[in-house]
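Q:
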Amino acid sequence: MANHAYLRVWTRDFSLETMIAEFARFMTTAPLSAAQTTFSELIVQAVDATETPVAEWDLRPLKTGPAEVAALAAQHLNADTAYIASAKWDLWGFDIESLKWQHKPEPLVLTCHGQEYDDGLASTAGHFMADLGFEHFFTGHGGLLAPGAASNPFNSSDHPLEHTFRRWMAASGNLKERKHPTIVQLGGSDRARAADGAQRALV
Numbered sequence: 000m001a002n003h004a005y006l007r008v009w010t011r012d013f014s015l016e017t018m019i020a021e022f023a024r025f026m027t028t029a030p031l032s033a034a035q036t037t038f039s040e041l042i043v044q045a046v047d048a049t050e051t052p053v054a055e056w057d058l059r060p061l062k063t064g065p066a067e068v069a070a071l072a073a074q075h076l077n078a079d080t081a082y083i084a085s086a087k088w089d090l091w092g093f094d095i096e097s098l099k100w101q102h103k104p105e106p107l108v109l110t111c112h113g114q115e116y117d118d119g120l121a122s123t124a125g126h127f128m129a130d131l132g133f134e135h136f137f138t139g140h141g142g143l144l145a146p147g148a149a150s151n152p153f154n155s156s157d158h159p160l161e162h163t164f165r166r167w168m169a170a171s172g173n174l175k176e177r178k179h180p181t182i183v184q185l186g187g188s189d190r191a192r193a194a195d196g197a198q199r200a201l202v
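Heads up, the sequence shown is in numbering that gives the first Met the number 0, so the first residue is 0 and it goes up one at a time.
#1: What are the partner residues of R7, as DSSP defines its beta bridges?
#2: To the nearest angstrom, report how far apart A84 and T10 are at their CA atoms.
#3: Closer than 8 Å is the cut-off here; do at least three beta carbon pairs connect the region 13 to 21 with the region 90 to 102?
#4: Identify whether V43 lies in helix, strand or coil by the three-state DSSP scheme.
#5: Measuring CB atoms only, is the region 24 to 43 touching the region 69 to 88, in the sense that at least three cross pairs come out at less than 8 Å?
#6: Can you say whether G119 is buried or exposed, counting buried as having 16 or more other CB atoms within 10 angstroms of its CB?
#7: With 16 other CB atoms within 10 Å as the buried threshold, where does A72 fall?
#8: How many angstroms separate the CA atom of L61 from the CA atom of A34?
#9: Quick check on the burial criterion: 16 or more other C-beta atoms within 10 angstroms. Buried or exposed for S209?
#10: Any beta carbon of chain C sitting closer than 7 Å to that of S97?
#11: Taking the C-alpha atoms as reference points, what is the distance between L41 and A69?
#12: By the three-class DSSP mapping on this structure, what secondary structure does V68 have?
#13: Using the rule of at least 16 other Cβ atoms within 10 Å of the residue's Cβ for burial, across every protein chain shown, is T110 buried or exposed?
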């Protein structure tokens, strides 16, 4: 299974009283898709991920921004709770059939972890976490194409699609053509300064 890339953020004064307001500010840093500029879902998850969510909202018809998402989250304010907001952002991805890059919406999930959620998961996963999607959007596929069809899943270049992809990416400039714009997008606006560390780690 392909790995995901994550951004984890801790703040100095994180507490039950401040976390929803800080979550709202965290959501404003997200460069949402031009085709979908609002959040699509909010899940309120108590205790840990094995429990049934306390509340879920389908936000697609409501055109919901960070302030509205935060207001919904505040209805279930508890230290043992996580708040999970889903949206889309635009990333460059390689289409193996056309051998062309495509700029299209991909999932973006932003989470606020209460300090007591999942036995203090926030200490390692961040007070706030962004699931940025599959890591190959930032690093290149590196053997992720059709691994199940390869005789050796750890060296999938024997698959025709992977072989074609590797040959194409070996050409001068093709690897960097869209990866650099995608990585820069993590810190491309003044509001996204929190992502600078992730950008440096991924370059």
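Just so you know, even glycine gets a beta-carbon here, dropped at the ideal spot from N, CA and C.
A: With the given structure in hand:
#1: Beta-bridge pairing links R7 to M128.
#2: Between the alpha carbons of A84 and T10 lies a distance of about 19 Å.
#3: Contact between the region 13 to 21 and the region 90 to 102 is absent, because fewer than three Cβ pairs lie under 8 Å.
#4: Three-state DSSP puts V43 in a strand.
#5: The answer is yes - the region 69 to 88 touches the region 24 to 43, with three or more Cβ pairs under 8 Å.
#6: Counting C-beta atoms within 10 angstroms of its own C-beta, G119 has fewer than 16 neighbours from the protein chains shown and is therefore classed as exposed.
#7: Result: buried.
#8: C-alpha of L61 to C-alpha of A34: approximately 15 Å in a straight line.
#9: Since the first residue shown for the chain is 0 and the last is 202, residue 209 is missing from the structure and cannot be characterised.
#10: Of the chains in the structure shown, none is chain C; there is only one protein chain.
#11: Their backbone Cα atoms lie some 9 Å apart in a straight line.
#12: For V68, the three-state secondary structure derived from DSSP is helix.
#13: That one is buried.
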